[in-house]
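Worksheet: one structure, shown below.
2 protein chains.
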Amino acid sequence: MKLALCDDHQLFRKGLRQLIEDFTTPSEILWEAENGRDALYYIRKGMVPEILLLDAQMPIMDGEQTANILKSEFPEIKVLVLSMLDEEARILYLLRQGVRGFISKDIRPQELEEGLLIVEKGGYYFSDAATAHMLETIQSNKNVNEKEMLSDKETQFLVLSCSELTYKEIAEQMQLSFKTIDHYRIALFGKFKVKSRVGLVIYALKHGLVHL
Amino acid sequence: MKLALCDDHQLFRKGLRQLIEDFTTPSEILWEAENGRDALYYIRKGMVPEILLLDAQMPIMDGEQTANILKSEFPEIKVLVLSMLDEEARILYLLRQGVRGFISKDIRPQELEEGLLIVEKGGYYFSDAATAHMLETIQSNKNVNEKEMLSDKETQFLVLSCSELTYKEIAEQMQLSFKTIDHYRIALFGKFKVKSRVGLVIYALKHGLVHL
DNA sequence: TAAAAAAAGGGGATATTTCCTCATAAAACA
DNA sequence: TGTTTTATGAGGAAATATCCCCTTTTTTTA
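Here it is as structure tokens:
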């Protein structure tokens, strides 16, 4: 099994490598990268793994961007996302980018091997019950979750809301009137079931929609 | 060198173990624990390491609580904190608990060995320039940093501010009038140089003063 | 093409936040 | 003891956030 690791924490890569070396399945790690940019560099040079273990949160180029580019350029690479958070909206986005599953960084060794084998065979693997359940929900009822998705403007508004800017200033940045961005506010309050801007900020950070 | 690892992520422990086994200095890992409670269990059973590599953020019992208990019960154990964040106020707290230094989880292998050797000899090690600089500041000008510290009420107010409660509701929870907690707000705005409650929340989360 | 939906914008009301100044009681201190 | 500092609280005002109801323009879709 030809693998590649993309994670910004060296210790995690080290731990993963150790785990993988202990597999009964013979496996090879082609390369390790600290971010998506470096990973793409290796891949474009022809070092194409069967499965890429991709961290969601990285500096320079994060998992989402990387998965997005891989989807169009190298759709044959099976991407397994390493995620510490329960990033609902992000998971949805990554699924659209065709990733083959998620594993929590707290995964047990056997689970990792099992997951990799499943993905190698063309399957999907979700290390944690909550994520698996979410997938079912998504697949069974697309519309509900489509509504949970954020438009570009809503996302932009959300990011700017997680700063000290007032709504008036956010409106200026977005080149829209205060009255218009207020619709985004109401929409997000409804989607996230929060009652105030502070609640919105907390929700966004807790679910990994916005990084600190 | 007798070591022990306390970190909730198995992969990190695995990576650390690997790193430590590669040391030129012969080292032994007495045990690994997933949280402070388990670590204390081992220690109280007599498995006392020279140096404890302690993660700051863990479930059940975090690094701060653990360091606090170790300070009084086992002051001879040298604690080296594993930290991914630049948690200014928390670093201050941990220093008060007598920890011997901090290493970022992005540390390079040689640095870890170097740090452990220094700590073994009774020294202090700070893996990152910013942290080292902060220590100087703390030591050179205690008063400035004492003022940066938060009182119990300020801390309580800060935690409650990182929720959807209004100030009026926070005042009720704290059994104080709105006008009184407003003083805490002003104090925190000044200390953290923020301009709004959202700014306060962001600051608190970014610096690890409040957990999500 | 016509109807429906979504995006953009507005008026205006109320609640909350933010920022002043000031007063009083408790605690610390010299 | 008297003085100073700190914690507590108040009045009031301006800015911001939140929530109604409404119209116009653009985009989607039937």
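Heads up: the protein sequence lines correspond to chains E and U, in order.
Mapping the first sequence onto our numbering, position 113 (from 1) lands on 113, and the numbers just tick up by one.
Mapping the second sequence onto our numbering, position 59 (from 1) lands on 1059, and the numbers just tick up by one.
For every residue, glycine included, the Cβ atom is placed at its ideal position computed from N, Cα and C.
Item	Value
Amino acids of chain U, ordered along the chain, whose beta-carbon sits closer than 9 Å to that of C6 (chain E)	Near C6 (chain E) there are no residues of chain U at all, since even the closest Cβ is about 14 Å away, more than 9 Å.
Where V1198 (chain U) meets chain E, residues with beta-carbon distance less than 8 Å	S161, C162, S163, E164, R197, V198, V201
Length-filtered (3 minimum) beta strand (DSSP E) runs lying within the stretch 30-93 of chain E	51-55, 78-83
Pairwise C-alpha distance: R1037 (chain U) and M1001 (chain U)	23 Å
Partner residues on chain U for F126 (chain E), Cβ-Cβ distance less than 9 Å	Near F126 (chain E) there are no residues of chain U at all, since even the closest Cβ is about 18 Å away, more than 9 Å.
Pair within 9 Å by beta-carbon distance, K71 (chain E) and G122 (chain E)	no
Rounded straight-line distance, which links the Cα of I51 (chain E) to that of L165 (chain E)	42 Å
Own chain residues within Cβ distance below 6 Å of E1034 (chain U), not counting five before or after	D1008
Buried or exposed (CB count within 10 angstroms, at least 16 for buried), D55 (chain E)	buried
Cβ-based burial, Y1125 (chain U) [other Cβ within 10 Å; buried from 16]	buried
Whole-angstrom distance between W31 (chain E) and K45 (chain E), CA atom to CA atom	12 Å
Contact set between the stretch 1068-1080 of chain U and chain E, restricted to residues whose Cβ is under 9 Å from the partner	none
Beta-carbon proximity check, L53 (chain E) vs L3 (chain E), cutoff 9 Å	yes
Cβ separation of L1005 (chain U) and R1013 (chain U), assumed to be a contact under 8 Å, to the nearest whole Å	5 Å
N-terminal and C-terminal residue of the alpha helix (DSSP H) that I1107 (chain U) is part of	Premise fails: I1107 (chain U) is in no alpha helix (DSSP H) and is neither H nor E.
Check whether Y203 (chain E) and L209 (chain E) have beta carbons under 9 Å apart	yes
Residues of its chain near K147 (chain E), where Cβ-Cβ distance is below 6 Å and the 5 sequence neighbours each way are ignored	Residue confidence is low: K147 (chain E) scores 38 on pLDDT, short of 50, so the model does not pin down where it sits. Its coordinate-derived value is still stated next. Closer than 6 Å at the Cβ level, and outside the excluded window around K147 (chain E), lies no residue.
Validate contact between the stretch 1150-1163 of chain U and the stretch 179-190 of chain E using beta carbons, cut 8 Å, 3 pairs	no
Distance CB(D1106 (chain U))-CB(L16 (chain E)) smaller than 9 Å	no
Nearest residue (CA-CA) to D152 (chain E), options E:Y184, E:K168, E:S163	E:Y184
Span separating the alpha-carbon of S1059 (chain U) from that of S1083 (chain U)	Position check: residue 1059 (chain U) holds Pro in this sequence, whereas Ser was assumed. Distance between the alpha carbons of P1059 (chain U) and S1083 (chain U): 15 Å.
Where L1016 (chain U) meets chain E, residues with beta-carbon distance less than 9 Å	L11, K14, G15
Local conformation of E1169 (chain U) per DSSP, three classes	helix
Rounded straight-line distance, which links the Cα of L1176 (chain U) to that of S104 (chain E)	43 Å
Chain-ordered chain E contacts of K1105 (chain U) [CB-CB under 9 Å]	H9, Q10, L11, F12
For L3 (chain E), three-class secondary structure by DSSP	strand
Distance CB(V1099 (chain U))-CB(R197 (chain E)) smaller than 9 Å	no
Neighbouring residues, chain U, relative to V194 (chain E) (Cβ below 9 Å)	E1164
Contact set for M1061 (chain U): own chain, Cβ-Cβ below 6 Å, skip 5 residues either direction	N1035, G1036, R1037
Helix, strand or coil at Y124 (chain E) according to DSSP, with G and I counted as helix	coil
First and last residue of the uninterrupted alpha helix (DSSP H) at F23 (chain E)	That residue, F23 (chain E), is in no alpha helix (DSSP H); it is neither H nor E in DSSP.
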